[in-house]
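Chemist: Handing you this structure, nothing more for now.
Right under this line is the structure:
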């Protein structure tokens, strides 16, 4: 590799790693916030929460890596053009291959990384994630032993424990059960405990009453010395783990179990997931070619055009949206599977044509002018609205 190629590789790699870290952090944060209920609702520790949060990372890497790469390549080449480095290389007789080779090597490495994560790491991380979530919901003791707090055990079933007593006993147990149609039951017991019998868990309540209220308003009261409330049904439901096609390993998708109920109901989703994994890794190469086609040539600073970074990201977003659209339809309509491969192939071919023919892939300048005018009109309208609102408010105050 030539000195200039190593220079381009170093700049692009540095920018890629920085973009990847920041993009991963933003996307990961949005995904983690959806899992905060593990702590707020299920009473799990922060360690469990962060373990689940860490297992989310492999699922977002294949999506984030191509965008981090297109940002890195477009920004690197745009900066080199601004510093007249691309013009110097062109004047020295360097071909576009000199610029493209380090970028393509970086893209191939990103493709390999995405393929490994998507097919070897992510399925196991997803399965472990589901196991942790199921275990947290099945942990009955941590679920209900929250003093003074109502806990939702099931739809229409709530439980509160007033205090924890010595000897693993519970005090002030209150249960509200409205699952039975036409009646609502309320249990109150002075004390109780959780009794485990094999795989069964029973909430044993002592010295309490049961209030049963019907739809007509009739109320009946039953006093009891001891009462066993079976919690096994909720435990087994929480322990059941349903693995979706995206949670399965690639080996399983290649040869699914014919007795798999999910496979029997939706065989197309398994085919779509398998083909998506075999196609998704290629977007790093596609986006690198797009960035090269957009920003890989020396351009005059006086030439009117949209910023290459904006152009590259806009085209990449459109191509990736087409890929997501095809993936969403592939489980229902079989021929969309071919689009999973056709979209990156066509996008790559178009980009290569621009590169080979020494043309620049860019959005029309008229689009930029239209967007600028639209933003200006929107800003003027917003300013006028605020002035009108201020005058109206001051007039009412007077």
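Numbering (my numbering), first residue to last: 1 to 398. From the three backbone atoms N, C-alpha and C, an ideal C-beta is built for every residue, glycine too.
#1: Would residue 251 and residue 74 qualify as a contact pair, given that the criterion is a beta-carbon distance under 7 Å?
#2: Could you tell me whether the stretch 175-189 touches the stretch 210-229, where touching means 3 or more Cβ pairs closer than 8 Å?
#3: Using only the alpha-carbon positions, how far apart do residue 310 and residue 273 sit?
#4: Buried or exposed: where does residue 281 fall if 16 or more other Cβ atoms within 10 Å of its Cβ makes it buried?
#5: Express the C-alpha separation of residue 277 and residue 292 in angstroms, rounding to a whole number.
#6: Rounded to whole angstroms, what is the Cα-Cα separation between residue 26 and residue 361?
#7: Secondary structure at residue 361, three-state DSSP: helix, strand or coil?
#8: Can you find the residues in the same chain that come closer than 6 Å, C-beta to C-beta, to residue 315, ignoring five residues on each side of it along the sequence?
#9: Can you give the beta carbon distance from residue 47 to residue 130, rounded, assuming they're within the 8 Å contact cut?
#10: Going by C-alpha to C-alpha distance, which of 348, 258 and 183 sits closest to residue 218?
#11: Three or more C-beta pairs under 8 Å: does that hold for the stretch 76-94 against the stretch 111-124?
#12: Under 7 Å between the Cβ atoms of residue 341 and residue 326?
#13: Please name the residue or residues paired with residue 188 in a DSSP beta bridge.
#14: What do you get for residue 119, buried or exposed, if any count of 16 or more other CB atoms within 10 angstroms of its CB means buried?
#15: List the DSSP bridge partners of residue 221.
#16: Which residue's Cα is closest to the Cα of residue 353: 96, 69 and 16?
#17: Under the rule that 16 or more other beta-carbon atoms within 10 Å means buried, what is residue 323, buried or exposed?
#18: Expressed to the nearest angstrom, what Euclidean distance is found between the alpha-carbon atoms of residue 133 and residue 29?
#19: So, residue 317 versus residue 107, is the Cβ gap smaller than 7 Å?
#20: How would you write the range of the beta strand (DSSP E) that residue 329 sits in, first residue to last?
#21: Skipping 5 residues on each side, what residues in its chain have a beta carbon closer than 7 Å to that of residue 408?
#22: Rounded to the nearest angstrom, what separates residue 162 and residue 211 at their Cα positions?
#23: Tell me which same chain residues have a C-beta within less than 7 Å of the C-beta of residue 23, skipping the five on either side of it?
Modeler: Quick answer:
#1: On the chain shown, residue 251 is found 251 positions in, with the first residue counted as 1. On the chain shown, residue 74 is found 74 positions in, with the first residue counted as 1. For residue 251 and residue 74, no; Cβs fall outside 7 Å.
#2: yes
#3: For the purposes of this step, residue 310 is taken as the residue at position 310 of the chain shown. For the purposes of this step, residue 273 is taken as the residue at position 273 of the chain shown. The alpha-carbon atoms of residue 310 and residue 273 are separated by roughly 31 Å.
#4: Position 281 of the chain shown holds residue 281. So residue 281 ends up on the buried side.
#5: As a first step, residue 292 must be located in the chain shown, where it is residue number 292. As a first step, residue 277 must be located in the chain shown, where it is residue number 277. Distance between the alpha carbons of residue 292 and residue 277 is about 25 Å.
#6: Within the chain shown, the letter at position 26 stands for residue 26. Within the chain shown, the letter at position 361 stands for residue 361. Approximately 29 Å between the Cα atoms of the pair.
#7: Taking the first residue of the chain shown as position 1, residue 361 is located at position 361. Reduced to three states, the DSSP call for residue 361 is coil.
#8: By 1-based counting over the chain shown, the position of residue 315 is 315. Counting only Cβ-Cβ distances below 6 Å, and skipping sequence neighbours, we find 290.
#9: Taking the chain shown and counting its residues from 1, the one referred to as residue 47 is at position 47. Taking the chain shown and counting its residues from 1, the one referred to as residue 130 is at position 130. So it is not a contact: roughly 18 Å between Cβ atoms.
#10: Along the chain shown, read from residue 1 onward, the residue named residue 218 stands at position 218. Residue 218 has its Cα closest to that of 183, out of 348, 258 and 183.
#11: no
#12: On the chain shown, residue 341 is found 341 positions in, with the first residue counted as 1. On the chain shown, residue 326 is found 326 positions in, with the first residue counted as 1. Cβ atoms of residue 341 and residue 326: not closer than 7 Å.
#13: Within the chain shown, numbered from 1, the residue matching residue 188 stands at position 188. Partner(s): 174 and 209.
#14: Translated into positions along the chain shown, residue 119 becomes position 119. Burial call: buried.
#15: By one-based count along the chain shown, residue 221 stands at place 221. Its beta-bridge partners are 211.
#16: Counted from its first residue, the chain shown places residue 353 at position 353. When each option's Cα is compared against that of residue 353, the closest is 96.
#17: Against the chain shown, residue 323 aligns to sequence position 323. Buried, since its Cβ has 16 or more Cβ neighbours within 10 Å.
#18: Here the question's residue 133 lines up with position 133 in the chain shown. Here the question's residue 29 lines up with position 29 in the chain shown. Each residue's Cα considered, the two are about 18 Å apart.
#19: By 1-based counting over the chain shown, the position of residue 317 is 317. By 1-based counting over the chain shown, the position of residue 107 is 107. Their beta carbons are not under 7 Å apart, which means residue 317 does not touch residue 107 by this criterion.
#20: Within the chain shown, the letter at position 329 stands for residue 329. It is not in any beta strand (DSSP E) - residue 329 instead sits in the alpha helix (DSSP H) that spans 308-330.
#21: As displayed, the chain neither begins before 1 nor continues past 398, which places residue 408 out of reach and without an answer.
#22: Numbered from 1 along the chain shown, position 162 holds the residue referred to as residue 162. Numbered from 1 along the chain shown, position 211 holds the residue referred to as residue 211. Rounded to whole angstroms, residue 162 to residue 211 spans 19 Å at the Cα level.
#23: Translated into the one-based positions of the chain shown, residue 23 becomes position 23. Within the same chain, residue 23 has close Cβ partners 64, 67 and 68.
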